[in-house]
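Undergrad: Just dropping this structure here.
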Amino acid sequence: MVALSPMRAGAANGAPCMRQRRTLAAVARFSMRGTVMKRLWWLLLLLAPLALLLPQRAWALRCGTQIVQQGESTAQVREACGDPFYIGHYVGPPGVAVGTPDQPVAAVTTEAWYYNFGPQRLMMRLDFSGGVLVREQTLGYGFVGRGGHCDFNNVTVGMSVASLIAQCGLPAARGRNPLATAAYLGAKAPAWGETWTYPADGSDPPFYVQLQNGWVVDVRFAP
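If you want it as structure tokens, here you go:
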């Protein structure tokens, strides 16, 4: 039997102690990290309701020297920006319009005003509910004139009605027709679409464009 020298014995006995101290230190660090994470979690939980009290990001549209903002009336916007080049009327889910909060309706109608500021600026869509401006949306670049040669292949699903008018002009005929009932935030609401008919152009036959809420949802040649 080989006897260990005192130095080796001390080293051998100290190795488990060293490993134990390292393990305890690692556990302590992990515990501290967990405590910090818990504190951060509770802090975020306490601060979350305060975020609801913060003001929402405001936006404004400059028309010449005047600025229009959310909450203004159609008259105020018209005075600042002039007449839109196109107005669309779209049907939404049941509820109340912003401008008439005491009058619930079976379906809220949104009036969308489209503005064209020329090819150097983006077109804008302004949505009114109950005669009050509720939202704005930036579209593609503006245009000069209204449409030229209307190529069927350039009319694509997802195109805005403003871009459609820029590409093809106004249709030769239009009609409103109910689409399938649409689900909106868990509620059923009537969905109304438009069918725009463009006549034959050269070798291109006439075609239909189906629109929903101001966006192209289908394009097909006339039968």
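Under this note's numbering, the residues of the sequence shown are numbered 57 to 279, in order. Every residue, glycine too, gets a C-beta built ideally from N, C-alpha and C.
Which residue comes first and which comes last in the beta strand (DSSP E) that contains Ser185?
TA: Leu178 to Ser185
Undergrad: Got a sec, what are the start and stop residues for the beta strand (DSSP E) Leu192 sits in?
TA: Position check: residue 192 holds Glu in this sequence, whereas Leu was assumed. From DSSP, the beta strand (DSSP E) with Glu192 extends over Val188 to Tyr197.
Undergrad: Does chain B have any CB closer than 8 Å to the CB of Gly174?
TA: Protein chains in the displayed structure number just one, and chain B is not present.
Undergrad: Give me the residue from Pro175, Gly225, Gly231 and Asp183 with the minimum Cα distance to Val124.
TA: Asp183
Undergrad: Three or more beta-carbon pairs under 8 Å between the region 167–184 and the region 211–219, yes or no?
TA: With a cut-off of 8 Å, the region 211–219 and the region 167–184 count as touching, because enough Cβ pairs lie within range.
Undergrad: Given a threshold of 16 other Cβ atoms within 10 Å of its Cβ, counted over all protein chains shown, does Ile221 qualify as buried or as exposed?
TA: buried
Undergrad: Quick one: is Ser24 buried, meaning 16 or more other Cβ sit within 10 Å of its Cβ, or exposed?
TA: Given that the chain is displayed from residue 57 to residue 279, the structure contains no residue 24 and the question cannot be resolved.
Undergrad: Just tell me which of Leu267, Phe263 and Leu226 has its CA closest to the CA of Val147.
TA: Leu267
Undergrad: Do Leu189 and Met179 have their C-beta atoms within less than 8 Å of each other?
TA: For the pair Leu189 and Met179, the CB atoms are not nearer than the 8 Å cut-off.
Undergrad: Helix, strand or coil: how does DSSP classify Val217 here?
TA: helix
Undergrad: Taking the alpha-carbon positions, what's the Gly270 to Arg134 distance?
TA: 20 Å
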